[in-house]
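Colleague: Terminal number for the sequence shown in my numbering: 1351, no gaps in between.
Glycine included, every Cβ here is placed at the ideal spot set by N, Cα and C.
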Amino acid sequence: ASDFNISHNAADNSIDLGDSLTLAFLTPVKVFDQTKILLYKDSVLQSAVNFSAVDSQKFQYKLNLKLLPQHQYYLIIPQGAITNILDHKNDTVVMAWQTRSEREYGTLAVSFDSKANMIGNIIQVVNNDDIPIFQKQIDSKPAVLFENMLPGKYRIKVIGDKNKNGVFDTGKYFLKTQPEDVFYHRE
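See the structure below:
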């Protein structure tokens, strides 16, 4: 099973609060027998493991578990628990990660003028490379909270989501449509 690769987002041995362990595969998964998978929190076996497919082709699976602060987690995927569409089975995989303490995180509250029609627009917290770190669609509340943020420099980006589909739509030249408006907070 040397051609069966599993990558994950705990490569640096930590996962931030609010995130979840995500497993990624080079080939779509045919069988994902989560009854064989073991999860430990601080060396205590957890009762049941619950993964769900992230995409319809089953290239990624997400652990459905709210991670608690300041804990060590271990996941053991025994040989043959996962089979891809080529009928290749995984070798045994052991992963370990930890979560930080809540004191290491902050919360950002972004409020808007109630006269501005912001409902349905997308608000993003982006890093210096304009990569979204957090994203929410604005509802009827006058503020949006971004929790479990690590200290750093961020910018606020608002996308005028005209069709309210939750994603930035680029313009289409042949349909003569413009891209959705993008605004950055000045401070």
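Taking only three categories from DSSP, how would you classify T1199?
Modeller: helix
Colleague: By Cβ distance, which residues of its chain are closer than 8 Å to Q1224, with the 5 residues on each side in sequence left out?
Modeller: T1186, L1187, A1188, F1189, A1217, V1218
Colleague: How about I1286 and Q1301: are their beta carbons less than 8 Å apart?
Modeller: yes
Colleague: Rounded to the nearest angstrom, how far is the Cβ of E1344 from that of G1324, given a contact under 8 Å?
Modeller: 5 Å
Colleague: Between the alpha carbons of E1268 and L1209, how many angstroms are there, rounded?
Modeller: If I take the Cα positions, the gap works out to 27 Å.
Colleague: Alpha carbon to alpha carbon, what distance is there between I1295 and Y1204?
Modeller: Rounded to the nearest angstrom, the two C-alpha atoms are 33 Å apart.
Colleague: For a quick check, are the C-beta atoms of F1347 and P1306 less than 8 Å apart?
Modeller: Not closer than 8 Å, so no.
Colleague: Measure the alpha-carbon distance for L1232 versus L1181 and round it to whole angstroms.
Modeller: 7 Å
Colleague: What separation, rounded to the nearest whole angstrom, lies between the Cα atoms of S1171 and D1197?
Modeller: 17 Å
Colleague: According to DSSP, what are the bridge partners of K1305?
Modeller: Paired residues: none, contrary to the question.
Colleague: On a CA-only basis, which of A1260, Q1342, L1272 is nearest L1314? Give me that one, please.
Modeller: L1272
Colleague: Given a cut-off of 8 Å, decide if Y1238 and A1212 are closer than it, judged by their beta-carbon atoms.
Modeller: no
Colleague: So what does DSSP say about R1264, is it helix, strand or coil?
Modeller: coil
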